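As structure tokens, then:
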């Protein structure tokens with residue numbers, strides 16, 4: 223199993239969790255806080271960034287690293303899932319064809335034409351370390367003909383992404399150390415044949431890494447473990463594979479056991495802001511077995527006078543300096559300090575989890 227991934231802004235120990243800094247920021251905290259919890263990399267999103275702050279602003283501010291103050295690796299999601307979600311929820315907002323996606327946002331009169339080439343151009347102009355190919359996303363429950371069309375389109379778009387990526391890097395004359403990596407996404411819904419067809423075609427084109435494509439949950443919000451395991455089995459072990467959108471701690475543990483190396487999600491940071499904090503039921507210095515994960519709901523009145531930290535097993539800034547009772551007080555006040563301290567804690571939990579899953 224791979225134990226590291228070398229990128230222009232540093233190497234990542236695997237497996238690794240990346241918080242979503244969707245619009246160039248992990249909400250409520252800054253780059254120093256990210257370093258303090260032991261984060262290795264973050265994931266941003268070209269679909270959102272091209273709208274706000276906008277590509278010309280990002281370039282004027284020196285690219286994503288300079289703009290955000292984050293010096294480590296940055297992955298940039300292509301925006302395929304966001305485009306799919308926008309059009310699925312409101313078909314009048316746009317359309318997807320073999321050329322790409324055309325859409326208009328509710329709060330803008332501007333019409334966006336988003337192609338595989340455009341996605342690559344934007345991600346490279348932002349200074350990303352891992353560029354993700356534009357893919358045609360589906361829901362696991364979509365019918366087979368929709369899944370088949372998605373696979374064919376995803377393969378074609380990946381080929382166009384590969385061509386544009388190579389063209390731009392050759393044009394820039396980048397050395398091997400400077401060159402970012404390129405990730406392709408495996409679609410196919412629940413179909414083993416379609417997943418295999420997609421993976422085989424993407425392997426033939428050639429990429430540095432691969433991602434699990436499609437919404438990873440079923441209609442009951444359970445992980446599609448069989449589909450995740452199938453998809454991982456289709457990619458040779460020498461390639462890192464990203465479980466895109468997977469961030470629930472027990473689910474991460476299950477996917478690492480399948481051989482997944484990379485994870486990203488808004489879940490830990492969003493849960494933190496909404497008062498759902500993560501704790502270990504057992505010491506994470508030892509193998510995690512049984513019911514090792516539990517939630518702490520900070521708003522519960524039983525915490526009003528608690529002098530203990532959020533977790534006896536946590537060494538984060540929050541747990542070293544503040545009590546559970548104080549976090550409860552900040553949450554009830556709706557004070558701006560609460561989301562920062564809570565987010566620091568949940569992200570440190572995720573880093574402790576990854577350290578445990580790496581074997582220490």
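Residue numbers (the numbering used here): 223 to 582.
We put the beta carbon where it would ideally sit given N, CA and C, even for glycine.
Quantities reported herein were computed from a predicted structural model and do not represent experimental measurements.
Non-local C-beta neighbours of residue 227 in its own chain, meaning closer than 7 Å and more than five positions away in sequence, comprise 233, 234, 236 and 462, ordered along the chain.
Residue state for residue 333 is assigned as strand, using DSSP reduced to three classes. For residue 566 against residue 259, the beta-carbon gap comes to about 6 Å, under 8 Å, which counts as contact.
Here residue 399 is exposed, its C-beta having fewer than 16 other C-beta atoms within 10 Å.
Ranked by Cα distance from residue 309, the options 359, 250 and 294 are led by 359. Between residue 303 and residue 474, the gap from beta carbon to beta carbon reaches 9 Å or more. Per DSSP, the continuous alpha helix (DSSP H) segment holding residue 387 begins and ends at 366-394. When the beta-carbon positions are compared, residue 412 and residue 446 come within less than 9 Å of each other.
For the 9 Å CB-CB criterion, residue 517 and residue 501 form a contact.
Within the model, the alpha-carbon separation for residue 489 versus residue 571 is close to 13 Å.
In the displayed model, residue 508 falls within coil according to three-state DSSP, outside both helix and strand.
DSSP places residue 238 in the strand class (E or B) of the three-state scheme. Assigned with DSSP and collapsed to three states, residue 288 falls in helix.
Rounded to whole angstroms, the separation of the alpha carbons of residue 314 and residue 575 is 42 Å. Bounds of any beta strand (DSSP E) do not take in residue 578; it lies within the alpha helix (DSSP H) bounded by 559-579. The C-beta distance from residue 376 to residue 343 rounds to 19 Å, too long to fall under 8 Å, and the pair is not in contact. With contacts defined by Cβ atoms closer than 9 Å, residue 289 and residue 352 do not form a contacting pair. Taking 8 Å as the upper bound for CB-CB distance, residue 334 and residue 280 are not in contact here, some 16 Å apart.
Annotation for residue 341: the continuous alpha helix (DSSP H) segment containing it runs 338-348. Rounded to whole angstroms, residue 332 and residue 274 show a C-alpha spacing of 13 Å. According to DSSP, residue pairing for residue 500 in a beta bridge involves 517.
For residue 551, the secondary structure class from DSSP, reduced to helix, strand or coil, is helix. With respect to the 9 Å criterion, residue 514 and residue 507 are not classified as neighbours on the basis of their beta carbons. Approximately 7 Å separates the beta-carbon atoms of residue 301 and residue 356; this is inside 8 Å, confirming the contact. About 6 Å separates the beta carbon of residue 266 from that of residue 246, a gap short enough to meet the 8 Å contact definition. Here residue 391 has 401 as same chain residues with Cβ atoms under 7 Å from its own Cβ, once five neighbours each way along the sequence are excluded.
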